[in-house]
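Take the sequence shown: its position 110, counted from the start at 1, is 117 in full-length UniProt numbering, and no numbers get skipped.
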Amino acid sequence: DDHMSFYEAVGGEATFVRLVHRFYEGVAGDPVLRAMYPEEDLGPAEERLRLFLMQYWGGPRTYSEQRGHPRLRMRHFPFTIGARERDRWLHHMRDAMDDIALPAPLDRQMWEYMVMAAHSMVNAPEAS
Ligand code: HEM
């Protein structure tokens, strides 16, 4: 119907569970990204990204109940994110989005956001 959120239109929680799980499988197998995660267990990081994306797209507000205001750029300052890290991140997100295979207009809208957000998280000049 007209009032369906983007969150509902893409299939709700089950879609975000699948998307972010697949994304973190990619991270787990990527030496560049894997080394950036301070914790041995990627499960809690997977949950934070899943809850954030669910909230961003109009789902439950659990992320902010648990973590407060997202302030994502600030939360990424402890990590050195250059073009290489950004592009690895986007590579695994594209792979995960191919897995959930959204209808083209929804895919385009989500992907545009992912590209914009990943570019905004860069906080280090490219290594020479
Ligand atoms: C946290 C890496 C982009 C959303 C993290 C963490 C790392 C990381 C190492 C810490 C793990 C944790 O404690 O959760 C990166 C890299 C990126 C990137 C290398 C490349 C550009 C993004 C983007 C988004 C995002 C584009 C959103 C669309 C999050 C969220 C958290 C997080 C929600 C958890 C924040 C919290 O509540 O503490 N990221 N990230 N990240 N990232 Fe990213």
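In this text, a Cβ means the ideal position worked out from N, Cα and C, and glycines have one as well.
task = Taking the CB atoms as reference points, tell me whether Arg91 and Val39 lie closer together than 8 Å.
result = By one-based count along the sequence shown, residue 91 stands at place 84. By one-based count along the sequence shown, residue 39 stands at place 32. Val39 is positioned such that its CB atom lies closer than 8 Å to that of Arg91.
Item checked: For Phe30 and Asp106, the rounded distance between their alpha carbons -> Locating residue 106 in the sequence shown gives position 99, counting from the first residue. Locating residue 30 in the sequence shown gives position 23, counting from the first residue. Cα to Cα, Asp106 sits roughly 10 Å from Phe30.
Given 7 Å as the limit, tell me if Leu113 has its C-beta closer than that to any heavy atom belonging to the ligand HEM. Counting from 1 along the sequence shown, the entry for residue 113 is found at position 106. Because no heavy atom of the ligand HEM lies under 7 Å away, the Cβ of Leu113 does not count as near it: no.
* To do: Taking only the alpha-carbon atoms, compute the straight-line gap between Met81 and Arg74 and give it to the nearest angstrom.
  => In the sequence shown, the residue the question calls residue 81 occupies position 74. In the sequence shown, the residue the question calls residue 74 occupies position 67. Going from the Cα of Met81 to the Cα of Arg74 covers about 13 Å.
Can you give the beta carbon distance from Asp123 to Ile88, rounded, assuming they're within the 8 Å contact cut? One-based indexing of the sequence shown puts residue 123 at position 116. One-based indexing of the sequence shown puts residue 88 at position 81. The sequence shown places Met at residue 123, rather than the Asp named in the question. The Cβ separation is near 15 Å, so there is no contact.
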